[in-house]
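Per the numbering used here, the very first residue in the sequence shown carries number 1; after that it's consecutive. In this text, a Cβ means the ideal position worked out from N, Cα and C, and glycines have one as well. Quantities reported herein were computed from a predicted structural model and do not represent experimental measurements. Below is one structure; the comments refer to it alone.
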Amino acid sequence: MANLPKHAQAVVIGGGVGGTSIAYHLALMGWKDVVLVERHELTSGSTWHSAGLVGQMRSDANLTRMMHYSTDLYRKLKEETGVDTSWREVGGLRLASSHERLEETKRLVGMARSFGVPMELISPKEAQEKFPLMSIDGVVAAAFTPNDGSIDPTGLTNALAAGAKLHGAKIFINTNVEAIHLKDGRVHEVVTDQGTIQTEVVVNASGMWGREVGKMVGLDLPVVPMAHLYILTKPIEGVTHSFPNLRDPDLLVYWREEVGG
1 MANLPKHAQA VVIGGGVGGT SIAYHLALMG WKDVVLVERH ELTSGSTWHS AGLVGQMRSD
61 ANLTRMMHYS TDLYRKLKEE TGVDTSWREV GGLRLASSHE RLEETKRLVG MARSFGVPME
121 LISPKEAQEK FPLMSIDGVV AAAFTPNDGS IDPTGLTNAL AAGAKLHGAK IFINTNVEAI
181 HLKDGRVHEV VTDQGTIQTE VVVNASGMWG REVGKMVGLD LPVVPMAHLY ILTKPIEGVT
241 HSFPNLRDPD LLVYWREEVG G
């Protein structure tokens, strides 16, 4: 492994999808001296077990713009980097299982149109035709977005890392951050078990370890890891690779196709 540089314009801590995306975009914007450090391998934190669902619409306008941009990026990353992200534009269904949720869904559809996102309100029966395993009991309506999709989180992270390197960023795995030193109240250097890097910018992209990294500079970040549960089924007859993603925000569940199940 190459030696750590003594200086960097920015040091990104964390080699998940967030950290690699930040390194990629900083390098893309012309920051030629970006260093990312990850204490294990890339995606070894919470990224690898993400469901990889990509939905266009959020309740916030800026988040929606970000998701719209992300989808455009995912379409071209493989061509740019040579790394397959397994992006699949299968579409997404969002159910409304209450009249209150229906009102919110109608508002989302209206907002989608203002962003040029092709989201439409459909009936429970139309939703079931797209996702035949679904029961429509209690479902009031649904919204369908044809350019939603799913992606492999590890493939995406590796593609972003490759893109970051193409644009001049340096990535160091198996490099554990032990301390962040301040000088006159500002970040001065990042101390790792592989050496020390002087820098004026540190990006905390360490996910569920964000609080521990924050403590290194005297910040108490309200980041608390929570356990999530997911179930993988065996292949189910009738389930195809083109099944849309399905969300029910009222019941706090979502589904996506995974190897025929």
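Is the Cβ-Cβ distance between residue i and residue j less than 7 Å?
{"i": "G168", "j": "L4", "result": "no"}
{"i": "V203", "j": "I180", "result": "no"}
{"i": "R211", "j": "V223", "result": "yes"}
{"i": "A161", "j": "I173", "result": "no"}
{"i": "M208", "j": "S50", "result": "no"}
{"i": "P225", "j": "G92", "result": "no"}
{"i": "G15", "j": "S206", "result": "no"}
Excluding five sequence neighbours on each side, which residues of the same chain lie with their C-beta closer than 6 Å to the C-beta of residue i?
{"i": "T175", "result": "V37, T192, Q194"}
{"i": "D250", "result": "S97, S98, R101"}
{"i": "A159", "result": "L77, T81, V83, T85"}
{"i": "T105", "result": "A96, A143"}
Pick out whichever of the options has its Cα sitting closest to the Cα of residue i.
{"i": "S70", "options": "Q56, D60, E120, S86", "result": "Q56"}
{"i": "A23", "options": "G207, I236, W255, A164", "result": "A164"}
{"i": "E89", "options": "R247, T43, Y254, H241", "result": "H241"}
{"i": "I231", "options": "G238, E257, T105", "result": "E257"}
{"i": "S123", "options": "A8, R94, A112", "result": "R94"}
{"i": "A8", "options": "R247, T20, D33", "result": "D33"}
{"i": "A2", "options": "V35, L63, K215", "result": "V35"}
{"i": "G30", "options": "G138, E129, L166, E79", "result": "L166"}
{"i": "S44", "options": "Y254, L229, D248, T20", "result": "T20"}
{"i": "K130", "options": "L246, K234, R65", "result": "L246"}
{"i": "M111", "options": "S59, Q128, D137, M134", "result": "S59"}
{"i": "L219", "options": "M134, L182, G138", "result": "L182"}
Since residue i and residue j are thought to touch, with beta carbons under 8 Å apart, how far apart are those beta carbons, to the nearest angstrom?
{"i": "T199", "j": "V17", "result": "22 Å between Cβ atoms; not a contact."}
{"i": "L28", "j": "A10", "result": "Not quite, the Cβ-Cβ distance comes to about 13 Å (not below 8 Å), so this is no contact."}
{"i": "V109", "j": "E120", "result": "7 Å"}
{"i": "H68", "j": "F115", "result": "6 Å"}
{"i": "G238", "j": "P132", "result": "6 Å"}
Residues in the same chain with beta-carbon distance under 7 Å from residue i, minus the five sequence neighbours each way, listed in chain order, please.
{"i": "G52", "result": "S150, I151, D152, P153"}
{"i": "L102", "result": "A96, V140, A141"}
{"i": "W87", "result": "Y74, R75, G149, I151"}
{"i": "L221", "result": "G210, R211, G214"}
Please work out which residues of its chain come closer than 8 Å, Cβ to Cβ, to residue i, disregarding the five sequence neighbours upstream and downstream, and give them in chain order.
{"i": "R186", "result": "E200"}
{"i": "N147", "result": "Q56, T71, E89, G91, V117, P118"}
Do we get a CB-CB distance below 7 Å when we pair residue i with the residues of chain B?
{"i": "H7", "result": "You won't find chain B in this structure, because it holds only one protein chain."}
Where in the stretch 53-130 do unbroken runs of the beta strand (DSSP E), each at least 3 residues long, occur, reported from the N-terminal end onward? 92-96, 120-122
At 3 residues or longer, and completely inside the stretch 174-207: list those beta strand (DSSP E) runs for me, N to C. 177-183, 186-192, 195-198, 202-204
Going along the chain, which unbroken runs of the alpha helix (DSSP H) with 4 or more residues stay wholly within the stretch 11-60? Runs found: 17-28.
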